Structures are given as structure tokens and as C-alpha cells.
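This report concerns only the one structure given below.
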Amino acid sequence: DTEVTQTPKHLVMGMTNKKSLKCEQHMGHRAMYWYKQKAKKPPELMFVYSYEKLSINESVPSRFSPECPNSSLLNLHLHALQPEDSALYLCASSLSRVFEAFFGQGTRLTVV
Amino acid sequence: EDQVTQSPEALRLQEGESSSLNCSYTVSGLRGLFWYRQDPGKGPEFLFTLYSAGEEKEKERLKATLTKKESFLHITAPKPEDSATYLCAVQLSGGSYIPTFGRGTSLIVHP
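Chains as they are written, first to last, in this note's numbering: chain V, 33 to 144; chain X, 66 to 176.
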């Protein structure tokens, strides 16, 4: 199994909603990442978990809250988002902190 | 100032017309340089890792090379299915493992 699975694939949410994005991998990778990508831009790093501990937080607003329940799962909890948060949210994992990363297909998020 | 610069921003090729994409970096202390391919609306797909100057990696029609300040992704006899955005990312040595992406090169190969 060499896949990173993200759910849902698409999400439309209002600015007062609370939702969660989920990411799962079964490759035994110990580093997991959340990225945000706008159209025609490169992915922007949000969070990095290394051995289930948050190791990098790129000054992301508190309306985004990551969680790593175990070594295979990564969640991103969303609350009170703004329309400018609409983007493709990508999860990735790598065996170690060396960035040979496998990416999921992303969640296309629209905030209305 | 961008630490990672990719050029050209966009490239159109005819099928079979070989070319190269460039990724230059201004930082010192490179831990690794990574090439990815991204199709529209999908997550990036890992292609290569390069660690030291002089290193080369190949996969099908793609060949990646690394010097002290830049990397090239050579595409030999491209096919329309090679059309995608090609991203490079660098990681620095030292305490931080933050990978930094370039803005990418959008490649279109016409049949």
C-alpha cells in the first residue's frame, strides 16, 4: 500500500461551520504534513508532525487545528473559516523527515 | 527573496522535442533537492531526490542533475502525457527540516 488517502475529496462549508479533514497512510511513515495550495501556486506548508508530535507550525491561524491521533492518521480541524481559506488541502507523508513525500489527492475546500 | 527559483514559468514543446527545466537555489547547506510532478487538481507525485553536486537520477524520459547551485530536469523526447507542472523543493541541513517549494514549471507537450 503506497497511498495516502484523504477524505472528503470535496467540502463546502459555511463560515460558522466546524468540519474536519482526514488523512491516512499505512506505509509506516513517521512524518506527516498538511499543505494548502491555491490555484497556480506551489503548495504552502502548514504543519509537520514527526513521530506523532507537532514539529513545525508555519504560523497558521488558530482556525486551523491539526491532530495526529496515531502514526497512521492525521486530521485537520476547521472552524470559523474565511472565504480566502478556500483552496486544495494536501496531506503528505514521508518515511523520515527527509522530504521524499507521498501526497494524497487533496480535499478541495470551498468556504461560503 | 525566493530561496528556490524555477524557470521557465511555462514551457510548450512539440512531441519529441527535448528540453530542460531549471531549479536554482540561493541557500547554502543543502540537505536534499526533490522533484515532483503535479497534474491539475491532484497531489504532487514524487520523482527524484538529489543530495550532492554531480548526482544524477533517471526515470523513463526524465533525468535530474544537480550542481552546487541548481538542478536541471531534462526531458528527452517528451510525449503529451508528460504535460504537467514540475515542482522542485529543497531542504536545508541544520535543525530545520522545512521543505521549500519553487513556483513550478508548467509543461505542455503538443502532439
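Note that beta-carbon positions come from the ideal geometry of N, C-alpha and C, so glycine has one too. Please read these numbers as outputs of a predicted model, since none were measured by experiment.
- For Ala142 (chain X), the number of other beta carbons within 10 angstroms of its own is below 16, and it is reported as exposed.
- Per DSSP, reduced to three states, the secondary structure at Pro101 (chain V) is strand.
- Chain X has a Cβ within less than 8 Å of the Cβ of Leu122 (chain V).
- Neighbourhood of Lys122 (chain X) in chain V, by CB distance below 9 Å: empty, with the nearest CB roughly 12 Å away.
- In the structure shown, Glu125 (chain X) adopts coil according to DSSP, grouped into three states.
- Contact check between the stretch 60-77 of chain V and the stretch 112-131 of chain V: three or more CB pairs, one atom from each, fall below 8 Å, which counts as touching.
- By the Cβ-count criterion, Met47 (chain V) is exposed, with fewer than 16 other Cβ atoms from all chains shown falling within 10 Å of its own Cβ.
- Shown here for Arg126 (chain X): same chain residues with a beta carbon closer than 7 Å to its own, the five before and five after excluded, namely Ile140, Thr141, Ala142, Pro143, Asp147 in chain order.
- The beta carbon of Lys122 (chain X) sits closer than 6 Å to the beta carbons of Phe113, Ala129 from its chain, once the five residues preceding and following it are set aside; these are given in chain order.
- By the neighbour-count criterion, in which a residue is buried when 16 or more other Cβ atoms sit within 10 angstroms of its Cβ, Val143 (chain V) is buried.
- Judged by their CB atoms, Leu157 (chain X) and Leu95 (chain X) are nearer to each other than the 8 Å cut-off.
- Cβ neighbours of Ser52 (chain V) within its own chain (closer than 8 Å, five residues either side excluded): Asn107, Leu108, His109, Leu110.
- For Ile88 (chain V), the enclosing beta strand (DSSP E) starts and ends at 85-89.
- Here Gln38 (chain V) is near Cys123 (chain V), since their CB atoms are less than 8 Å apart.
- Interface flag for Ala154 (chain X) against chain V is set, since a Cβ pair is found closer than 8 Å.
- For Phe96 (chain V), not one C-beta of chain X is nearer than 8 Å to its own C-beta.
- Not one beta carbon of chain V lies nearer than 8 Å to the beta carbon of Thr70 (chain X).
- At least one CB of chain X lies nearer than 8 Å to the CB of Gly138 (chain V).
- Shown here, Glu76 (chain V) sits in a strand according to DSSP, grouped into three states.
- Spanning the alpha carbons of Trp100 (chain X) and Met59 (chain V) requires a straight line of approximately 21 Å.
- Taking 9 Å as the upper bound on Cβ-Cβ separation, chain X lies near residues Pro75, Glu76, Leu77, Val80, Ser82, Ser87, Ile88, Glu90 of the stretch 75-90 of chain V.
- Residues of the stretch 42-66 of chain V whose Cβ lies closer than 7 Å to any Cβ of chain X: none.
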